[in-house]
Amino acid sequence: MSETDHTARPLIARAETTAALIEQLYQAARELTTTDLLPRLKALIAETSSPNTSDTHRFKKQPSSPAPWNDAAAGLYYTIHGDARRFETLLSVRLFGRARFRPGADNQTVEAIGRLPVLIAHGYERGLDPDLDLADPTNALLSWPRQIRAMLDAALPGEEPWTTAPGDLRCPHCDNRLHLEPGWTAHPDTADVICRHCRDDNGKHLRWAPTTWVAVLQHQDTK
161 MSETDHTARP
171 LIARAETTAA
181 LIEQLYQAAR
191 ELTTTDLLPR
201 LKALIAETSS
211 PNTSDTHRFK
221 KQPSSPAPWN
231 DAAAGLYYTI
241 HGDARRFETL
251 LSVRLFGRAR
261 FRPGADNQTV
271 EAIGRLPVLI
281 AHGYERGLDP
291 DLDLADPTNA
301 LLSWPRQIRA
311 MLDAALPGEE
321 PWTTAPGDLR
331 CPHCDNRLHL
341 EPGWTAHPDT
351 ADVICRHCRD
361 DNGKHLRWAP
371 TTWVAVLQHQ
381 DTK
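Going by this note's numbering, the sequence shown opens with residue 161, and the numbers climb by one from there.
As structure tokens, then:
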């Protein structure tokens, strides 16, 4: 095999990896712009009931300045709104020296999301990463559909979030909170508590049998 063949092999692998990543970015953008994920997240903001009180005047919602009732949903929704437009502006300026101003309307955010994979792909094609800092917009765009589905309790297989172990269980080595791995509800009797920071000699996360957290719950119930 020639020297050219040796040097071409990692370049081909990198190109294939980048191509797969770009396809994932386009898929994430399609989910956010052509499905009901964002509208459902927006609807979730106001789903929490307002305070129940006889003083109706005090808690009356003002049409001119609505306050989101679901802080978690509102936080994610407005983070996506702000970051999508911010990332589009930053990438456009760095790639082309100019950017289009976008107001905060929903349709403008959708258009910004749709442009992100195009801009990110262009940055990779020009070999501008890491100088262009493509990691932040890449990770954000890939994570937004997963975060929305988790909040809507509609996570796809493999997207289930980690659950904080009950009873404030902490790792005896690093004192960080222990967790139950995604999908533990399907097999609670065998769900180990896991430290996501410490690893054993084989590189695996430290874990303890479910009797550890079950015993804590039973102890709390007897108090």
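C-beta atoms are modelled at their ideal positions from N, C-alpha and C, and glycine is treated no differently. No experiment lies behind these values; they were computed from the predicted model shown.
Test item: CB-CB of residue i and residue j under 9 Å
| i | j | result |
| --- | --- | --- |
| E248 | R262 | yes |
| A188 | W304 | yes |
| P342 | E319 | yes |
| L251 | L192 | no |
Separation of residue j from residue i, as counted between CA atoms
| i | j | result |
| --- | --- | --- |
| A272 | D349 | 46 Å |
| Q268 | G287 | 28 Å |
| L276 | L255 | 12 Å |
| G327 | R337 | 10 Å |
| G130 | Q184 | The question about residue 130 has no answer, for the chain in this structure spans 161 to 383. |
| W368 | R309 | 29 Å |
| D243 | T298 | 12 Å |
| W373 | H347 | 14 Å |
| A232 | I205 | 8 Å |
| D313 | L197 | 12 Å |
| D361 | T195 | 45 Å |
With 16 other Cβ atoms within 10 Å as the buried cut-off, status of residue i
| i | result |
| --- | --- |
| H339 | buried |
| L316 | exposed |
| A295 | exposed |
| C331 | buried |
| C355 | buried |
| D266 | exposed |
Per DSSP, the bridge partner or partners of residue i
| i | result |
| --- | --- |
| H365 | R359 |
| H339 | T324, I354 |
| R330 | R337 |
The ligand MN heavy atom lying under 8 Å from the CB of residue i
| i | result |
| --- | --- |
| H339 | As presented, the structure is devoid of all ligands, the ligand MN included, so that no description of it is given. |
Residue i in three-state terms, based on DSSP
| i | result |
| --- | --- |
| R254 | helix |
| P277 | helix |
| D231 | helix |
| F261 | coil |
| H241 | helix |
| T286 | Checking the sequence, you will find Arg at residue 286 rather than Thr. Here R286 sits in coil by DSSP. |
| L312 | coil |
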